[in-house]
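Mapping of the sequence shown onto the numbering used here: residues 4 to 644, in sequence order.
Even glycine gets a Cβ: it sits at the ideal position worked out from N, Cα and C.
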Amino acid sequence: MITPQTIQQITSRIDIIDVVGEFVKLKKRGTNYLGLCPFHNEKTPSFTVSPAKEIYKCFGCGKSGNTITFLMESEKYSYVEALRWLANRYNVEIEETEVSDAQRQQQLATDSLYIVNNFAQQFFTRQLFETEEGQAFALTYLQEERGFNTAIIEKFQLGYNPSAKDSFAKAALQNQFNAELLLKTGLVTNRNEALQDNYRNRIIFPIHNNTGKIIGFGARVIGKTPERAPKYINTPENELYVKSRILYGAYFARQTIDKLDECLLVEGYTDVISLHQAGIENVVASGGTSLTTEQLRLVKKYTNNLTIIYDGDAAGVKAALRGLDMALEESLNVKLVLIPDKEDPDSYVKKIGAAAFREFIAGNKKDFVLFQLEVLLREAGNDVNKKNEAVNQVAETLSRINKAEDFTKQQEYIRQCAQLLRIDESGLITLVNKYKRERIAKEEKKLPFEAVEPSAIPAVLVQDNIDLIINGDDLQERDVLRVLMEYGLQPWDEQRTMAQYIFDELEGYAFENPSLEKLYNIYEIQYQQGLEPTAKTLLYHEDAEIRDLVVGITLFPFELSLRWNEKSDKKNIGVVDSHEDVFKSIHYFKLRKLKHMFEQNQRDMEESKSLEEQMQLIKVHKELKMMQEALTKQFGTVIFK
Ligand SMILES: [Zn+2]
Numbered sequence: 004m005i006t007p008q009t010i011q012q013i014t015s016r017i018d019i020i021d022v023v024g025e026f027v028k029l030k031k032r033g034t035n036y037l038g039l040c041p042f043h044n045e046k047t048p049s050f051t052v053s054p055a056k057e058i059y060k061c062f063g064c065g066k067s068g069n070t071i072t073f074l075m076e077s078e079k080y081s082y083v084e085a086l087r088w089l090a091n092r093y094n095v096e097i098e099e100t101e102v103s104d105a106q107r108q109q110q111l112a113t114d115s116l117y118i119v120n121n122f123a124q125q126f127f128t129r130q131l132f133e134t135e136e137g138q139a140f141a142l143t144y145l146q147e148e149r150g151f152n153t154a155i156i157e158k159f160q161l162g163y164n165p166s167a168k169d170s171f172a173k174a175a176l177q178n179q180f181n182a183e184l185l186l187k188t189g190l191v192t193n194r195n196e197a198l199q200d201n202y203r204n205r206i207i208f209p210i211h212n213n214t215g216k217i218i219g220f221g222a223r224v225i226g227k228t229p230e231r232a233p234k235y236i237n238t239p240e241n242e243l244y245v246k247s248r249i250l251y252g253a254y255f256a257r258q259t260i261d262k263l264d265e266c267l268l269v270e271g272y273t274d275v276i277s278l279h280q281a282g283i284e285n286v287v288a289s290g291g292t293s294l295t296t297e298q299l300r301l302v303k304k305y306t307n308n309l310t311i312i313y314d315g316d317a318a319g320v321k322a323a324l325r326g327l328d329m330a331l332e333e334s335l336n337v338k339l340v341l342i343p344d345k346e347d348p349d350s351y352v353k354k355i356g357a358a359a360f361r362e363f364i365a366g367n368k369k370d371f372v373l374f375q376l377e378v379l380l381r382e383a384g385n386d387v388n389k390k391n392e393a394v395n396q397v398a399e400t401l402s403r404i405n406k407a408e409d410f411t412k413q414q415e416y417i418r419q420c421a422q423l424l425r426i427d428e429s430g431l432i433t434l435v436n437k438y439k440r441e442r443i444a445k446e447e448k449k450l451p452f453e454a455v456e457p458s459a460i461p462a463v464l465v466q467d468n469i470d471l472i473i474n475g476d477d478l479q480e481r482d483v484l485r486v487l488m489e490y491g492l493q494p495w496d497e498q499r500t501m502a503q504y505i506f507d508e509l510e511g512y513a514f515e516n517p518s519l520e521k522l523y524n525i526y527e528i529q530y531q532q533g534l535e536p537t538a539k540t541l542l543y544h545e546d547a548e549i550r551d552l553v554v555g556i557t558l559f560p561f562e563l564s565l566r567w568n569e570k571s572d573k574k575n576i577g578v579v580d581s582h583e584d585v586f587k588s589i590h591y592f593k594l595r596k597l598k599h600m601f602e603q604n605q606r607d608m609e610e611s612k613s614l615e616e617q618m619q620l621i622k623v624h625k626e627l628k629m630m631q632e633a634l635t636k637q638f639g640t641v642i643f644k
C-alpha cells in the first residue's frame, strides 16, 4: 500500500487541468474549462472541469469525479495505478507500507507489463542496429526496401527479433522477468517446456498509448510473406493491449491532427511511418481491422474530420465501408480517398512526393455515404433485387444520423442519394425513419443515458435536484456534509471549531442514508485524529463510494443554498455567511428529523393498544413539540408543512 503521506504529497500537487488536458482538448470558459466528453459521444461540449474544486462533471452523460477517477475511467487504471501515474508525473517518490503478496501481484501486473515491454523494445532495437544479423537482414530491409531513414526508425522505436529460437526469451529470463509475465506479453511461447521467441525473424513495431508508453507490439515478416505464416502478428489482449482501442501512431500524430483539424487513417504501420517520414504527420493506422467505436472516439478527441485512405480492391473497400456507419453516429465527417491501382499510401507518397500526395488527398476526398452508394450501385448493375438492397442499406446508414445538429446534413444526404438511386425523396425519408424507429426501440431498452441530449443541461441539473428531494432526507444530510467539509476547520466560537459545533449539535441524531453516514463518520474520525479533513483531501479517499459522494456534494451546493435562500430571504442570494450557513444546515437537518419523529409518533399512536403506551406517546409528542418550537424560534422561520 502507498503510505498516506505519499498520497497526500501526490494529491497536493495535482493540477486537474494539466492531467485531464492531456486526454481531452479543453477550452477556458469563465472559471471552468470545457471540452468534449471522453466518456460519451457528443458534438457540443458539456464536459466541465473545475480547477478550483479539482473535479470534472459531464452534463451530457452525468459522469463526474476527480483527477484520479478520471485516470481510472479513461485509462482503465486502478486507484493505485492512477496514483503511480500521478506520482511519476509530479516527481513524487512513492513510499509503501507492507502489502500481501496477492495485493502486490495485482498492483504490479500492469506496471510489470510496461517494464517488460520497455525492456523488449530496447532489446529489439539493439538487435536491429548493433548485431550483424539485424543489420544484414532487418536494417537493410527497412532502409533499402521500405526506404526508412535512421531518424524515423528511431522515432518509432522499430526493432528486430533475431532468428535464433530463443534470443529474446533468454535475455528476458537473465534479467529476472518471470515466465508467466513474459507469456502474457505474447513475445514468447512455451514449447517443449522451454520459452521460445514468438516473433522470430520479424521486424518489431512497438505500439504506444496516448502517453507514449509501449502497450504491445506488431511483428512483421521481412520481405515476402512465407506460406502459412501471417504477415503480421500482434500482442494478444492483456491488461494493456486492448485491440479495439488502439490507433497505431496516435501518440506521434496527435499534435498535428489537432493543428490541422484532420486525421488521416491508413491501414498499415509502414504506411504511417512512411507518411511521417515524408512530413505528413496527421496520420494513424487502424491495424487492418474494421474501425471500432472506441477508435472513432479516439479520433474525435482531436478532430471531427476523418479521412480514410484506402488502397484495397473493390471487395476490400466494400468490407471496410461496413464499419463506418458508426462514424455517422459519432458525428464525424468521414471522407474516403482511393489510392490509384496497385499503389499503397507508402509507395504512393514515395512516388509523387509529400506535396503532391497532400494535393491528391485534398482533391480526391469523397463523402463516405455517397461513395458507399456508388460502390453498391455499380455492383448492382441492372439487378432489381440488388438495387433494392442498396436502397435499404443506404437508408439504414442515413438513419444513424440522429443528432439534432446533424439534421441539415441528413436532409442533404437524402436529397443526393435519392437522385443517385433515381427514387422519390419522400419514399427514402419514410424508409430512413423506419430504420430510425427500429433502432431507437432497440436502444431504449439498453441505454438509459444516451437519451439525454447534451444541450439539455438545465434539465439534467433539475433532475439531479429532484433525485435529491425524493430520496428522503438526502438533501438535508448532504447539506450537513457540505458545510462540514467546507467550514469544519474554521472557528465557530472561541472554544469550538465549526466541526465540533456540528458534532455536538447532531449528537443523538441519525443519518438515514448509510453512505452519507459513512462519510460523516470518516470525517469525524479523521477530524479527531487531527488529520484536518476537507472536501479536497476526502476527494482522494481510497473508497470510490466516498470519492463519488464528495464530488456530488461539492458540485451541487449552489442549487441547494439557492433553494433555501429563496424560502427564507430573497435578498440574501449569493451572500454566504459561514456561521449562518452552518446554522441553517444543522437546523434544517434537525427539523427534518423531527418531522420524521412526529410522523413515527403519529403512527405509533394509531397502532398503540394500551392506555399506558398512549400516555407515553403523548409525552413524547409534547417533547417533540417543545423541541420543534425551540428550534423554529431559534431559527426565526417556520418552514414546517
Ligand atoms: Zn459525458
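Legend entry - Spatial distance of residue 358 from residue 438 (CA atoms): 43 Å
Legend entry - Contact set for residue 572: own chain, Cβ-Cβ below 7 Å, skip 5 residues either direction: Residue placement at residue 572 is poorly supported in this model, since its pLDDT is 42, which falls under 50; the coordinates are not used for a value here.
Legend entry - residue 193: first and last residue of the uninterrupted alpha helix (DSSP H) it sits in: Unbroken run through residue 193 is the beta strand (DSSP E), 191 to 194; no alpha helix (DSSP H).
Legend entry - Where residue 7 sits in the DSSP three-state scheme: helix
Inset, instruction - Could you give the DSSP three-state label for residue 286: helix, strand or coil? - result: Residue 286: strand per DSSP, three-state reduction.
Inset, instruction - Can you give me the start and stop residues for the alpha helix (DSSP H) that residue 420 sits inside? - result: Per DSSP, residue 420 belongs to the alpha helix (DSSP H) from 410 to 424.
Inset, instruction - Please say whether residue 13 and residue 89 have beta carbons closer to each other than 8 Å? - result: yes
Inset, instruction - For residue 344, count neighbouring C-beta atoms within 10 Å of its own C-beta (all shown protein chains included) and say buried if the count is 16 or more, exposed if not. - result: exposed
Inset, instruction - Answer with buried or exposed for residue 440, where buried requires no fewer than 16 other C-beta atoms within 10 angstroms of its C-beta. - result: Exposed: under 16 other Cβ atoms inside 10 Å.
Inset, instruction - Would you kindly work out how many angstroms separate the C-alpha atoms of residue 538 and residue 486, rounded to a whole number? - result: 10 Å
Legend entry - Continuous beta strand (DSSP E) stretch holding residue 336: start and end: 336 to 341
Inset, instruction - Closer than 7 Å by C-beta to residue 155: which residues in its own chain qualify, once you throw out the five before and the five after it? Chain order, please. - result: 276, 279 and 280
Legend entry - Buried or exposed by the 16-neighbour rule on C-beta atoms within 10 Å, applied to residue 284: buried
Legend entry - Spatial neighbours of residue 170 in its chain, beta-carbon cut-off 8 Å, leaving aside the 5 residues before and after: 130, 164 and 200
Inset, instruction - Can you check DSSP and say which residues form a bridge with residue 59? - result: DSSP links residue 59 through a beta bridge to 52 and 68.
Inset, instruction - Find the nearest neighbour of residue 508 within the set 356, 82 and 634, judged by alpha-carbon distance. - result: For residue 508, the closest alpha carbon among the candidates 356, 82 and 634 is that of 634.
Inset, instruction - Using three-state DSSP, classify residue 211 as helix, strand or coil. - result: strand
Inset, instruction - Quick one: which unbroken alpha helix (DSSP H) runs of 4-plus residues sit fully inside the stretch 503 to 570? Chain order, please. - result: 517 to 531, 538 to 541 and 547 to 558
Inset, instruction - Return the chain-ordered list of same chain residues with a C-beta closer than 6 Å to the C-beta of residue 53, the five sequence neighbours on each side being excluded. - result: 35
Inset, instruction - Report whether the distance from the Cβ of residue 266 to the nearest heavy atom of ligand 1 is below 7 Å. - result: no
Inset, instruction - Quick one: residues with CB closer than 6 Å to any heavy atom of ligand 1, in chain order, please. - result: 40, 42, 43, 50, 61, 63, 64 and 66
Legend entry - Option in 252, 273, 264 and 262 with minimal Cα separation from residue 298: 252
Legend entry - Length of the line joining the Cα atoms of residue 209 and residue 152: 17 Å
Inset, instruction - Report yes or no: do three or more beta-carbon pairs, one from the stretch 304 to 312 and one from the stretch 332 to 341, lie closer than 8 Å? - result: yes
Legend entry - N-terminal and C-terminal residue of the beta strand (DSSP E) that residue 144 is part of: Neither: residue 144 is in no beta strand (DSSP E) and is coded neither H nor E.
Legend entry - Delimiting residues of the beta strand (DSSP E) encompassing residue 312: 308 to 313
Inset, instruction - Let me know the secondary structure DSSP gives residue 220 once reduced to three states. - result: Correct three-state label for residue 220: strand.
Legend entry - CB of residue 132 within 8 Å of CB of residue 142, strictly: yes
Legend entry - Own chain residues within Cβ distance below 8 Å of residue 392, not counting five before or after: 379 and 383
Inset, instruction - Look at the alpha carbon of residue 366 and the alpha carbon of residue 92, and state the distance between them as a whole number of angstroms. - result: 43 Å
Legend entry - Length of the line joining the Cα atoms of residue 598 and residue 584: 21 Å
Inset, instruction - With a 10 Å radius around its C-beta and 16 neighbouring C-beta atoms as the bar for buried, classify residue 410 as buried or exposed. - result: exposed
Inset, instruction - State buried or exposed for residue 354, treating a residue as buried only when at least 16 other CB atoms are found within 10 Å of its CB. - result: Exposed, by the Cβ-count rule.
Inset, instruction - Say whether chain C places a C-beta atom closer than 8 Å to the C-beta of residue 305. - result: Looking for chain C here will not work: only one protein chain is present.
Legend entry - Cβ-based burial, residue 533 [other Cβ within 10 Å; buried from 16]: exposed
Inset, instruction - Please name the residue in 400, 231 and 377 whose C-alpha comes closest to that of residue 422. - result: That would be 377, whose Cα lies nearest to the Cα of residue 422.
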